[in-house]
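Taking it in order: structure first as structure tokens, then the write-up.
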Amino acid sequence: MRIKFPVSVLAAGLLIVLSCGESPVDSAGNPTPSVLAIQLQSDSVVYTSWTQCSDEDFNAYILWRSQSAGIQADPSQAQALKIFSGDPLQNTWFDADVTPGDTYWYALETRNTSLLSAWSNELSLTIPLNEPDNLTVFFIDPSHGSLSGDAMLIRTPGGFNYLIDGGDRRSDWSCGRDRILPMLDSLGITRLDGIVGTHPHSDHIGGLIAILEEMPVDKVWDCGWTGDASNTYEEFLQEVQNSGAEYIEGTRGMTLDWDPNLQVEILHPEAHPGSGDMNNASILIHITFEEVSFLFTGDLETDDGEDDVLAHYSPEDLRADVLKVGHHGSGDATGNLWLDAVQPSYAAIEVGSGNPYGHPHSELLNRLDSRGIPVFRTDQDGTFIITTDGTDITVF
Ligand SMILES: [Zn+2]
């Protein structure tokens, strides 16, 4: 297995340091411009991302696209692909409306409340004629105020789409409605082949409720929790029923028929969990595509969680190139014995930037660092993507 870092990832790492907002407003009152990065995702989707603007008078980002250079000089020859008003944290977009063989230029305009503009760098990209069919995982940024959570979109080589968790929600915002559905829309996804709600906590299933309300879903896997749970869990189960999706209790040893190109297995929990820490009822999913494996762990903790899985499986069964770190990078998850077994080449952390729990914890980051495992985290990187053709892994 080889690992490639596209230039944009390295650039993004450098550019974070330069991200806008260090000096809130320049002397002329113009907004601080963002730095734009673009990258081709599998099956002809352009992933665009930009540094967030932290100016107090931020108003909107406008993502422009053209089929010729010089957007800033003459925006009339370009198309305003998307306008993002009011949310400076919204700094990614997927452009799926592209034609193989064509070249596109992109630039981002940032406006402030005085309607003054600043422009990003301009970048271009040519859509190749034949892209390989990859397994691609979108690690969706669940950040909103103090909200955190897990939310991952899996696009399979055969073109099937699955969500593992859907982030949180509150009265005026839902990760499902306000972040995931617009992303699915930009990818041209109008229905989901399945959803996994790893366990009943709101930061995992809260956002899934809006998805079930607004998009056709074929199947839903749930841990089958039998103990006390929140109203959100009751609402989630009710919405599964209303949606007409097939309800499946995901239990250890179950093989999931997600795509003939993949082996997908549930490693945890046993049937009908209902006592102990709800985090340890999390559904664990192991996905293998040719030479590359992913392990998704929900909020599994070390005591009674990882320990239990390690007692049932040999390390070979748990090995994964990409580990979705358990419980948002909490120190009580992803222990040394777990890392000894999984031996990940990458760690992916789903965590909200404003979470009040101090996630990810330094002891966990130190464990990963001492093993030289590169870490990607939504609180710092925003939404990121890990894609593989079954041999190579690319992160962007
Ligand atoms: Zn959680």
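Residue numbers (the working numbering): 38 to 433.
Just so you know, even glycine gets a beta-carbon here, dropped at the ideal spot from N, CA and C.
According to DSSP, what are the bridge partners of residue i?
i	result
T163	T140
N149	F95
G203	A188
F197	F197 pairs with nothing; no bridge assigned.
Q78	V82
P130	Reading the sequence as shown, one finds Trp at residue 130 and not Pro. T85, per the DSSP bridge assignment.
E286	D259
F121	Y98
W210	R207
S157	Answer by DSSP bridge pairing: none, since S157 is not bridged.
T425	L172, I430
R414	I386
T292	E302
Q109	In the DSSP output, where bridge partners are listed per residue, Q109 has none listed.
L218	Per DSSP, none; premise fails for L218.
Q116	R102
Drop a sphere of 10 angstroms on the beta-carbon of residue i, count the other beta-carbons inside from all chains shown, and report buried for 16 or more, exposed for fewer.
i	result
S390	buried
I246	buried
N198	buried
H309	exposed
A370	buried
G107	exposed
T147	buried
P68	buried
Y84	buried
Y383	buried
T292	exposed
R279	It is Asn, not Arg, that sits at residue 279 in the sequence shown. N279 comes out exposed.
T334	buried
Q76	buried
S122	exposed
E59	Note that E59 scores a pLDDT of 41, beneath 50, so its modelled location is shaky and nothing firm can be said.
S151	exposed
H349	exposed
A49	Reliability fails at A49, whose pLDDT of 38 lies under 50, so the model's placement of it is uncertain and no value is given.
D418	buried
Y98	buried
Q24	For the chain, the structure presents residues 38 to 433; residue 24 sits outside this window and is missing.
My assumption, with CB atoms under 8 Å, is that residue i sits in contact with residue j. Please give the rounded CB distance.
i	j	result
N392	S91	Not quite, the Cβ-Cβ distance comes to about 18 Å (not below 8 Å), so this is no contact.
F413	F175	Not really, about 12 Å apart at Cβ, beyond 8 Å.
H241	D202	4 Å
S103	W142	5 Å
L347	L376	Not really, about 11 Å apart at Cβ, beyond 8 Å.
G243	R206	4 Å
L332	H364	The Cβ separation is near 14 Å, so there is no contact.
N171	P194	6 Å
E387	D187	4 Å
C260	H236	5 Å
P179	T415	6 Å
W101	A115	5 Å
A378	H323	Between H323 and A378 the Cβ distance is about 12 Å, and since that is not below 8 Å, they are no contact.
Q109	E159	7 Å
A144	S157	6 Å
S367	H398	6 Å
V82	D132	7 Å
L299	F326	5 Å
Practice item. Output the residue ranges of the alpha helix (DSSP H) runs that lie fully inside the region 229-279 and measure 4 residues or longer, sorted by chain position. Key: Segments of the alpha helix (DSSP H) lying fully in the region 229-279: 239-251.
**Study point:** Continuous alpha helix (DSSP H) assignments of at least 4 residues falling wholly in the region 307-379
**Key:** Entirely contained in the region 307-379, the alpha helix (DSSP H) runs reaching 4 residues are, in chain order, 344-349, 352-355, 373-379.
**Study point:** Contained beta strand (DSSP E) runs [length at least 3] in the region 379-403, N- to C-terminal order
**Key:** Correct list: 383-386.
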